[in-house]
Structures are given as C-alpha cells and as structure tokens.
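Written out below as structure tokens is the structure these notes cover.
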Amino acid sequence: MDDGNEDWTNLARPYRGLRPSDPIKSVEDKWLLLPAFLKVKGLVKQHIDSFNYFVDYDLRAIMEANCKVTSDVDPRFHFLFTDIRVGTPVSEQADFANQRQPITPHQCRLRDATYSAPLMVDIEYIRDNKRIQRKDVVIGRIPIMLRSNKCVLAGANESQLAVMNECPLDPGGYFVVKGTEKVILVQEQLSKNRIIVEIDSAKSIISASVTSSTHSGLKSKTYVNMRKGLIVLKHNSFSEDIPIVIALKALGVQSDKEILLLCAGNTESYQEAFSPNLEESSRAGVYTIQQAREWLGARVRSMRRMVGPRRPNWEEGLECLVMIVLTHVPVVNMDLSAKAIYVATMTRRVLMAHEDPKLVDDRDYVGNKRLELAGQLLALLFEDLFKAYVSELKKAFDKVLGKPARTSAFDPHTTMLLHGNPITQGFIRAISTGNWSLKRFRMERAGVTHVLSRLSYISALGMMTRISSQFEKTRKVSGPRALQPSQWGMLCPSDTPEGEACGLVKNLALMTHITTDVEEKPLVKIITLLGVEDIQLSTGSEIYGPTSFVVHLNGLIIGLTRFPSRFVAQFRKLRRAGRINEFVGIYINHHHKTVNIASDGGRICRPLIIVERMQPKVTNEHIQMLKLGKLAFEDFLHQGLVEYVDVNEENDSHIALYEKDIEPSTTHLEIEPFTILGAVAGLIPYPHHNQSPRNTYQCAMGKQAIGAIAYNQLNRIDTLLYLLVYPQQPMVKTKTIELVGYDKLPAGQNATVAIMSYSGYDIEDALILNRASIERGYGRCQVFRKNTAIIRKYPNGTYDRLVAPSKVGTEEKLPKRYEILDDDGLARPGERVDPDDVYVNKQSPKDTVTNSLTVNPAQVEYRPTPLTYKTKVAGYIDRVMITDTDNDQALVKVLIRQTRIPELGDKFSSRHGQKGVVGLIVPQEDMPFNDQGICPDSIMNPHGFPSRMTVGKMIELLAGKAGVLRGTLEYGTAFGGSKVEDMSKILIEHGFSYSGKDMLTSGITGEPLEAGPRAILTRQPTEGRSRDGGLRLGEMERDCLVGYGATQLLLERLMISSDQFQVHACQTCGLMGYNGWCPYCKSSKKMAQLTIPYAAKLLFQELISMNVVPRLIMDDAA
Amino acid sequence: MNYRPGDIDSRRLIKLHKEYISDISSTNYPGVYPDEDNSWDLVDFKKHVKLEFQYVEEERIEFDLVGIDTSIANAFRRIIISEVPTVAIERVYVYDNTSVIQDEVLSHRLGLIPLRIDPRMLEDAPQNYQDDSTDRNTMVFSLDVTCADRDGVRPGTTDPEKLYINSSVYAKDLQWVPQGEQETIFASDPPRAANPNILIAKLRPEQSIHLEMHAVKSIGRDHTKFSPVGTAFYRLMPHIQLLKPGDRYDEESRKVDKLEMADQEQAKRFQDAFSEGVIEVKKERGKYYVRVKAPRRDNVTRRILELREFDGMVRLGRVRDWFIYTIESTGQYPAVDIFPVALGVFKSKIRTLKAEAEKLRREWEGSREERSPDPDKDVEME
C-alpha cells in the first residue's frame, strides 16, 4: 500500500512544471501559419529576394564603388556615374514606331530570346567646360529573374498570367536565357569572417583560420597555427610563418605582458602553453614594434605591380598588415588594435583547443555555413563586368583625348554608345554556360547554372530548393555528407541524391528562409546603447575575466558585457518589437564566453512560435483571425508572436515539438512538425512509417514521374516534354501536396493494386498490368519533341529558303515523303509523320561565301537541306511556329507528338521508392477479382515489402481504399495524417476486412485463390524463388521483432502464417497422441489440444525415434 | 433461393480459416472417394442445376447459378467479358479539331463510348476496311460542333455553360449517318450512344471539332471498348455453420441452428462480426440466441474468427458450386440480354470443339487402321 501512496504523491507533484490536472492547451490549426508563410515567402522566395536585393541595393553599391572614370591623359577630365537602375523587360529591338515593346517570359522561351531588361545609368561629365547630366543611358541588358520585382509577372493575378501564357503555379526564380530556362543553384559555403578551429591530428597542428571577405571583394585566408607548442601566424602574403608574438608586436602590442594577457588571459595553463612563444620572438631579436615590422616586411611576398622605389621593410610590413591580413577587421586611422585583438582571440581559441580538444569547431555544422544565392553570384559577376566596362571606357576616353587635334568637343556619351555590349554579353555567357570565371576575384566556378528540369512540376520545384555544395564530389569522406543534427527544420533530411553527390546536394525544408545582408552600423549603435563596453578599452584580464562575455557582430569583436543573458534578452525584445530587423540572429556561446550577433546574408533560418512563461504567444484567437484573413504572416512577426531563428540561435533555444512538451525553460514552439521535410519529400504519404532510405529513393524518383507540368504546358515548345493524358490527384494526399499545388498539377494516377503473386512474371519487382485498364487510358502518356530549323542569312547576301514540295516529273502525286507538306514548305499541323518524312522543306544556297551582290538572286543555286523525321515510330505534327530570333534570323520550330501506351518494360512506381517494370500485361478476364467484382489495375509482388519495410505504403493502401469507399481524399501527412484505426473503421463500415485484405478469385481457374505451396516434410512455406517460395523471416528479423516486443506479430509470422499444427498431447505422460487418445497411457482422459509449429512436432518425433523423450508439460490446458 | 446451413453437403464447401482457406477445388469426380462413382450424370445434373434471378435492372442483374462446375461458371464470365460482340467506334477521320484534346486522344475517347446498336444486325468487321466496308458491317457517325459566345449573357457570369454555346461536347452530339439500307433496317431503334451524357471534350469559342467515325463489330479480346460489361463476376454463397459450444473444433463438431449468448452485448458483438442482416438475435425465455438468417448478405470478412470469445462456435465456408453472378452492362445490351448471348458463344465454341474432337478421333481411328499391321515398325518423320 505504501508504494501505491508513493505513486499518488508523485502524480500530484508538478512534473516538468505541470500537474496532471492542468489542461493541455493546444493551438488548433497552427499549421495554417505555414500557408500564410508560403504566401509571403514562397518556396523560391529566397531566390527572388536575393535577386531583388541585388537589383535594388547591390547594383547601386557596386556602381558607387566604381563610379569615377579618370583619364591619364587629361587630369581635368571628369566623368561620373551618378545612379543606376534596371528598367522593365522590353524587346531588344525597337519596332517601326521606335518603341520597345514589353516582353513576356513566354515570348522569350518561344523565340529563343533572353528575358532581360535594360540597365540604365545616369551620368555626369564635362563638355565645353559645362557640366552635363544625362539620364537613363543604357549600358547593357540584365537578365531578369522571373517573378522578381522587375519581372512583368510580379504581382499579376491568375487571369493576367493567363494572358501572358504563364502558369500561376510556376514558382519563378529562374532566368530565361536564349530560350532556355536556367536556374542558379544555391551554393553552400563555409561562412566568411568567422574563426574556425580545427585539429589536424596527422600533422598535430591546431589551427584557427578565418576567411576574410569584404564588400570590396578582397578575400584572403589567415591562419593561426600551433605546432609543437609554437604558435605562428600564416598568410599567403608572407613567405614564411610568422611567430605569433612578432605578429602581435607588429600589430602594435609591444609589451610581452600585454601580449600574454591578450592571448592567455589569467588562466595559468594557457599562460604556460603560450610562454614558449615569447622566447621565440626574443630569439629572433625582435623586441619592439618597429623591429617586428622590419622583420615582417622582409618576409612579405613581393607582388609589386608598380614600378617605383622599393619602400623600407617596415613600411612594407605595415602595409601588408593594414591592407591584406584580416581585411574584414576595419583599420581606422592606422589603429591596428582591433586586428591585434582579433589575432589574440584566434590565438586564445588555439590555446583552448590545445587544452581541451573538444573545443574545436565543426565545419559541417550548418550554423557555420552560408548559402550563396543568385543575387550574390550576379553581384560578383556584375562587379567584374562593370569594372571591366569602366576600364574599357577609360581606355576609349584616353584614346580620344590623346588625339592631338579634335574637330569637335569630346562627348563621352557618344563614345559610350559606340562601346558595344560587354555587360549584356557577359551576363548571357555566364548564365548560359554556368561558368563564373572572374579573374578579378580569383573565382573559377563551373556548373553554377543548370537547365531547369521540366520533367515534372515537382522536378522543377525541387530544383529551385536545391543546394549544391562547393565540396569536392570525388572525395570519399563522410563528414560533409552526413546528416547533421543542426539540419533540423532547415534542410530536408530525406532529399539528397544517391551516389557521388550523396549528402553534398541538399534541399531546403519547407519553411526555411535565407537571409540577405542587414546593415551593421545601426546594430553597433544598439549594441552600445544596450551597455556593451568597447573592447579596445579593455586589457586581456578584463576580456577573459570570469564574468565577462565578448560580443561579436558578424565575427567582428565589438565589446564586452558582464550580463550576457540580460543583454541577449533585451536585444531579442527589441527585435520582437520590430526595432531590429527580424533576420538578425543572436546567441550565447558558453564555451567561448561570447555573445554572437549575426546580420550577414546567406544564413538559413525558419520561423518559430515564441513561448513565454509556458504559454505559446500564438493563440486560437490569432489563428481564427488568420483564417478570416484579418492577420497575415507579417502581422505575427510584427506582433512578436512568431520570430525567425537561425541555426545558431536555434541551437541556443529550447524548442517544444508540441504544446504538451512545453516546460518552464521552453523558448519556442514548432509551427508544424512536417516542415522538417522539403517540398519533394513532403509528397510521400506516411513517410514517418518508412525506412529512411526509401524516402530518399522516392525523392529522386518522384521527380521522374510523368504528369502535368504547368497550366501552359500545351503552349510550350520544349526540347522534350512528357505529359500524362489523364493525370489524377492522389487519393492519399499530404498537406505539402496541397501547399505546393501538386494536387493541381499531379503526376500519376490512382490504381487499384493487388498485392499478390501472379504468374511468375512478377519476380524482381516486376509488376502485372491489366490490359483493360491500359485500353481504358491507364498510364497513357504523350511525348512532345521540338525540332528547330533556322532560316539563315549568309554574309554574301544569300539566304536559306522554304519551298513547296515539287511534283516529280509528270507524276500527279507527290512522293510519299513530301505528302504532309503545305505550300509554304512546312508540315501541316495534325498530320502524321512517318519515318523519313520531310516536315521542313528547307533549301540552302550552294555557295554562301562568294559575294553575290553581282549575282542575280534568281540564279542562286540551292541544295536541299530538309528536316526529316528520324524516329522509328510515327508521330503527329502538334504545332509549327515561325518567328525570328534576337539576331534577326527566321526560326521555325516544329513540335512533334507521340502518344504512348504502357508496354512491357515500362517503369512504374509507387510513392515509396518502390519502382518496378511491367512484366506482363494480362487481359481483364484473367485478372483476379473480389466479391464486389473489382479487379486490380496492377498486381505487385508482396516480396517487395519485407526487406524494404515501407510500412507507409501499406498504410497508404489502407487509407486509399478507405477513401475510395467513403468518397473522401485521405491525408498521409508526415507525423500526422489519417489514422490507421479510423481507416480500418471505415473499411469495416463498408463491409471490408479491417486489414484491407480481400478474398480474391482467380480469373483463370475461377476458384478462390489459395496461399503458396508448403514443403512436404516441414509443412513450412517452400524456400527459393524457383519453388514459388516465401521470404524467410530469419533470426535477425526475429530478433528485431523480439526487441520491439511485437509478440503477436512474431506468433503470426513464425507459426500461424507458416506451419501451424494442432496436436493432441497427454497431460499425464507429456507425449503426443492423436484424435484425443494417448496410445502410451491407453487413455483419452487427460488429453489436451494445442497449437504448435509443425516443425516442432516433427522435431519431437525425430527425437523419439532416437530414443530421446521430449515431454510436453502443460500449464493451463483447457 | 435460400438454404439452411445444415442442408449443404460439406463436400460442397470451401473452408475458410482465420489466416487461410482450404478445399478450394471440387472433388466431385470419379476416383476421389473410395467406393463412390461420381461420374457425370445428365439426370443428376439436371436435377441439381438451378438458375434464379435476384434482381434485374437495365444495367445490372444478379442471379444465382447453382450446381455447375467452377470451370463452366468461370467460362461464362470470361466469355461475357471478352467474347460477346458489340459495336464500337474503330476509325476516326478528323476534318478539324482545334480543341485542346489531341486527335488520337479524342479518338480513343470516342472509341470508349458504348453504342446502342444491336450487334446481331451487323456482320463482323471487314478484314480490309478500305475496300470491304459496306452498310452491312460499318456504322457511320459524325460529330460537328463549334463553340461560340452566347449572346446576352449577364456580365460577371463565369459558368462556361452559360457563357458559351457548345462549351462541352457530349455523346449525344454524335450524329448517326445511315448508309445504304441501314436507314430502314435501324429505323425502329436508331443507333446512338448508350449514355447521352458522356463528356467527350470541352471547347471554348472558336474551337471546333468535325469528325467522321466508323463503328464496327468486334469482341472484348480485340479491345476492351468492345466488351459489353464494365465487369461480370460471381461470388460464392457464404456458408456459416454454428457449432455446439464446448465441442472440439473439427469435422465431427455437432452442428446447431442457434447459439446461446451470455447477454445482449455478446449477441450484439456476434451480430456485428458479420455484415448487416446476416445474423438474427432472438430473445427466448430471457435468453439471447443468435441464428444465421441470411448468409447471402455476408461479405465474408472473417471477423468472427478473430474474436476469441467465439472460438470454436462458428465454421465459415463458401458453397463451391453456388455462384451469385452479377453482370454490369456498359449499355450496348440490356444487362439481361448478355448472358444468353454468352451462352450462344459458349455453345458455338463447344460445337467447334466437338467437331474438332470428332475429326481428331476419326483421324486417329483411320491412322490406327493404317498402322495396325505393324505397330512396331519405325514411324517415318515428315
């Protein structure tokens, strides 16, 4: 009884701050925040945001940094760019009225043109001693990202989009360059300006490194290395490693004591580890700042670009320290102390790692990564192009100015106009080839852009959320490929390719956002206002004092605070109040005793519901308002109900998954668990019941599914387009499917599937199809192939021509292969093209070189260069389009269509990474049918299940069947969805077995179908495929079930479904008898009937035959 | 037609167990049971074979077929699905099609429209349709629809049916074009789509479809569109045998007509383990009894076998030669007409088979006479 009381008191005591009597408050439908989020941020919003940022801010910043053009010839020459802007997308050529017509992306796709807008600058210069300003001078064209704020599609509603032939479900975020859709994939990089400490155990080096990167584009990497107790500073511009003390002295810290304090603080062990380095500098004879700079200057790698007298060593060394080493740390008025403190901090981190090897950083930690988006890459490209443009301009100006006698006053504007189109060409070349080769920034990257995959709607969408890593693909290391815990909620755990790029190519989760840069200056002000002391006023003993925390802003050391928690709380309060940009992150690092604030671009973040005093700030009332449309996602942000949290801050927070998990220390609540998956993995029904690799396979395979691609799919002329004739939205859908619009552009059909063995043509994942289903349209798809002909103009004035087919000789009829041609030499739409048929009857001049101005056009000789149909299977002319390209050549596109029906060998797949090929097509009358007369569209072999463990698929089958019977669409949303129990109930209500099983009748014999064969001796299912055998549930599988405690399943698999056998045993002697009679006791009095595996009965009999008596001792014989 | 469970010979039963089924094949032939003949006997067969309609609707019939072998019953089903001829559109000549539906897809859709044409009035499809198509073997239909704006539509209307004329093309828009003597022969029952409301395509202003279609007679094995049924199938009559509780669960268990239940709840649980109306609960002298009332209604989910409390009380089975047949017509024939046609096909098959068998026998007998002088001589290979 005592124990019982104990239990009661335990129950009444608050557990995790909650009493059992407390009601669990849950916020109903809080997942509705997700569509609200997607409405403002969208799945590809990061691309669009970054492009907008580039166009709106970066462009001007780059121009301002390079706005002046001077002349070496005329020092009084003045030329200035005063402003830059991007116009709206208009056609490249002006029409007859000298008007440039607005262009739409779809026009560009069809015309093989580039969807771009003019780039316009305002300039100011002096002509005839007068200051002249010109506005809107076009210096080139810039490709426009679809749906960005410069795009004509921005903000258009569905009917406006329809007029522009654009699909409302198309996410945008890509470019149309020379008619092809190009995506700039998100690039993953190690974050810049942050110290990373690593241990190279092979070389026993502890190194702290930092890659400096500033807006002026200079990048350099600085290391502080510790090897055998000696700490050195390493940088590319020094020919040898610089002992750390010399480096610090050169940076203006003369006193050894000060150096020791800055690096090691008052910690004795650190001081001890550091002290040998002090000796190192005296050994080199370096004691003063001046000596250190001399020493350093002698070791600067000369990369002299200018001729001139060599400067003294100390000056050389100083310049290098100011200009090249740690460029991101600002030097104001030659005050190097900030850099000194930075180097000292790096040194201290090395010492810390030396003392405790656990204090190293993880390169693969997502918080140490930054994502580079289209905007940043384009900014780099533009900077390079603009600088090149300016220097070319300068050369051109110098050339004109250098002429001794000029007839008229020099007008730089005219020179500009004559200057060609380097910026336009540069953009187009980079985006269409994907090669970002920017010598200026030592950048050489290939494969930055990819052609947008239009295999299916989801493949296009999946591409927009893809992240490619800069990591070497061929290296076989696991670290960067492994699933990182910090990936939670930010990157999809399932969606990654198999093979060499496994784990390197990732995908964004559903609710992620990628930050853009936020200005630092106001943040510094706020930090100071919140009571942070300036770091430069402190010495080492204060910086590393027991209570002081160092405040970093984007990796820069700003100051000290003694009340980190209070500081962080106040900072967050300001951010939640909207005084600080919502994308600024802050967190405390207790190991380093730092407070880190991040406002840089490229951080991954996601929204979370704020929890205060165990109460989620979002309440049911808020959700009601959201439902009514009175609140938008932004309002939730501005009212401080929801906030963005980046990876670092997420790892400093305590996030509850559900309301019931909220504890006193909880800071946030998840909006919806299934958002940890990405858009592609979100299509899988019940993924949380599947073995994880299956979900990964499905992510790769879902993109190949044929279906509807876009609302404008029949207006597109793509190289290759696959469409399903009768696509269907899935019976079992997920919330993600609805959110991404996959139910409106589905790829697939719902099928009645029987899971059984049939005919032997279903081995190795092959499946059986019903011929009647196929003939009624199941799996019917279409292939559209584009064929292009360019009607060229040649430099000699001749040109290609299209001619009507001519009759041969006196024949009345045209030769067969010319039959489908019209009088314009092009095939008529709707005609059937057979192999070898001509569908574009083009002729080219025999001579395209000789200048034929003298030749009579009528006398030009032509040779036939027709387009003939090469495919073996006939097709139909779907559409013929004639237009002209940007460079004024006529373009003919012929779309040829084939309709294909499923045949042997075609690949089919469920949504669980279970693909198979068609092994046999069976007439309907041979198909099995159930009591309702339903016969399957396809049959899948049950052997696909045991080893793959796709339980989610089984549940999907159940939910699908229940949905069909009830006439509803069921949900298989991850971590939720329709419950198996409910589905079973529906099945029972409609007179079916709760398990989804049906009794089938063979269509061939007409008899009910029986289970597979048994071995004669053991009465267990036979072994091996050749004998129609079952799949063995082996020891290890059994162990797994034992581990789960799934006793009923064990019993079913090992006995009931295998070799269940009824024996009669005698309770007196323990031997087996028969028919209630014990032949040993000669009695039927104490006989019991029991169920054992036949193999066990066999074993007993075998033992008896060897004179061993196994006796059955029965406990509770009935 | 109903039965008392005890009336059915257990040899006629397929046995249903919790996890599997057994005794699926008939044993009603010679040599199975010792000292029993069991050869097929016409008199006996005639005595036992029964056919009784359960219900007859235009598009669906259900009837019981008792006393025939599974293979025969299944043969009827297979013939109905794939060998009963119907008429369907086979060739489409497209003059104009500016709809969004491609020519071949449209043609496929047209082919699947069930046509109400008595196939007995047509000859088989011509081998060479270009030369041999006549009014005896081909039906011609035409479709000529153009969509246009409707006048006087109230602004703000979004319903396409109100906005446009011919926004949807239905099967009723198919026009029969009589050829030759067809006009008189088919005058009483003009060929048409079985269901006028099948949607063929959707149009928008200025789109039009203009086609000519040729329909021919063929069978479902050629293409499913010629199948006269959505499906034809049978299920076996469920058999629920109540057993005396406490008896061992085996062949010798005593059969009972009703089971006594502990209370009303248990009776309800028993009743709910079957489909609705299968089990009847009766209260007699303060005790609750369950009885099998209408086994036909059971869906045979075998739920009763999973309930521990009823262990050994029920034996489930299905009557092997009691077929509950359903035929669902797609509209070419009234459902009730299909089975007789199938029987006709079956008969002609038998005739062919019989003729072939007899021919074979004659040949065999003939060759035996030839060969008989010296059976040991080597046979020369041809």
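If you read the protein sequences in the order shown, they are chains A and B.
If you use UniProt numbering, the first sequence corresponds to residues 1 to 1118, in order.
If you use UniProt numbering, the second sequence corresponds to residues 1 to 382, in order.
Yeah, the Cβ is synthetic: ideal placement off N, Cα and C, and Gly gets one too.
Close to chain A, meaning a Cβ-Cβ distance shorter than 8 Å, are the following residues of the region 87-108 of chain B: Val94, Asn97, Val100, Gln102, Asp103, Glu104, Val105, His108.
In the structure shown, Lys521 (chain A) falls within a helical segment according to DSSP collapsed to helix, strand and coil. Residue-level contact check: Thr224 (chain B) touches chain A, since one or more beta carbons of chain A fall below 7 Å from its beta carbon. One alpha carbon belongs to Thr86 (chain B), the other to Tyr333 (chain B), and they sit about 8 Å apart. Under the DSSP assignment, Asn648 (chain A) falls in the alpha helix (DSSP H) whose first and last residues are 647-650. Note that the C-beta distance between Val840 (chain A) and Ala789 (chain A) is below 7 Å. With fewer than three CB-CB distances shorter than 8 Å, the region 499-509 of chain A does not count as touching the region 581-599 of chain A. For Ile763 (chain A) and Gly678 (chain A), the gap between their C-alpha atoms comes out near 33 Å.
A direct Cα-Cα distance of roughly 14 Å separates Leu185 (chain A) from Asp49 (chain A). Ala193 (chain B) carries a strand assignment under DSSP once its states are collapsed to helix, strand and coil.
Look at the region 712-739 of chain A: the residues with a C-beta under 7 Å from a C-beta of chain B are Leu714, Val725.
For Trp176 (chain B), the enclosing beta strand (DSSP E) begins and ends at 175-177. Per DSSP, the unbroken alpha helix (DSSP H) holding Leu401 (chain A) starts and ends at 374-402. Under DSSP, Gln615 (chain A) forms a beta bridge with A:Glu612. Sequence-distant Cβ neighbours of Arg227 (chain A) in its own chain, meaning closer than 6 Å and more than five residues away, are Ile205.
Under the Cβ distance rule, Ile21 (chain B) counts among the residues neighbouring chain A, one pair being separated by less than 7 Å. Contact residues of the region 916-950 of chain A toward chain B are Pro923, Gln924, Glu925, Asp926, Phe929, Asn930, Asp931, Gln932, Gly933, Ile934, Cys935 (C-beta to C-beta distance below 9 Å).
Comparing alpha carbon positions, the residue from A:Arg572, A:Gly602, A:Arg566, A:His552 closest to Thr594 (chain A) is A:His552. Annotation: Cβ neighbours of Phe233 (chain B) in chain A (cutoff 7 Å, chain order): Phe929, Gly933. Contacts with chain B (Cβ-Cβ distance below 9 Å) from the region 869-897 of chain A involve Tyr876, Asp878, Arg897, listed in chain order. Across the region 963-979 of chain A, no CB contact with chain B closer than 9 Å is found for any residue. Taking the beta carbon of Phe992 (chain A) as reference, the chain B residues within 8 Å of it are Asn299, Thr301, listed in sequence order.
Taking the Cα positions, Glu1023 (chain A) is about 16 Å away from Asn941 (chain A). In the DSSP assignment, Tyr1094 (chain A) falls within the alpha helix (DSSP H) that extends over 1094-1105. For a cut-off of 8 Å, the C-beta gap from Ala890 (chain A) to Ile791 (chain A) is around 4 Å, short enough to register as a contact.
Beta-bridge partners of Ala789 (chain A) (DSSP): A:Val892.
Under the three-state reduction of DSSP, Arg4 (chain B) is assigned to coil, being neither helix nor strand.
Distances from the alpha-carbon of Tyr799 (chain A) to those of A:Leu438, A:Val152, A:Asp847 put A:Asp847 closest. Secondary-structure assignment with DSSP links Asn589 (chain A) through a beta bridge to A:Thr594. The beta carbon of Ile244 (chain A) sits closer than 7 Å to the beta carbons of Val224, Ile231, Val232, Leu233, Asn277, Thr347 from its chain, once the five residues preceding and following it are set aside; these are given in chain order.
In this model, Ala766 (chain A) and Arg363 (chain A) are separated by some 44 Å (Cα to Cα).
Straight through space, the alpha carbons of His108 (chain B) and Lys617 (chain A) are spaced by roughly 58 Å.
Cβ contact annotation for Ile623 (chain A) (same chain, cutoff 7 Å, sequence separation greater than five): Val27, Glu28, Asp29, Lys30, Leu32, in chain order.
For Gly173 (chain A), the secondary structure class from DSSP, reduced to helix, strand or coil, is coil. Residues of the same chain with a CB within less than 7 Å of the CB of Phe63 (chain B), apart from the 5 flanking positions on each side, are Leu51, Glu52, Phe53, Gln54, Tyr325 in chain order.
With a beta-carbon spacing of about 5 Å, Ser237 (chain A) and Arg301 (chain A) fall inside the 8 Å limit used to define contacts.
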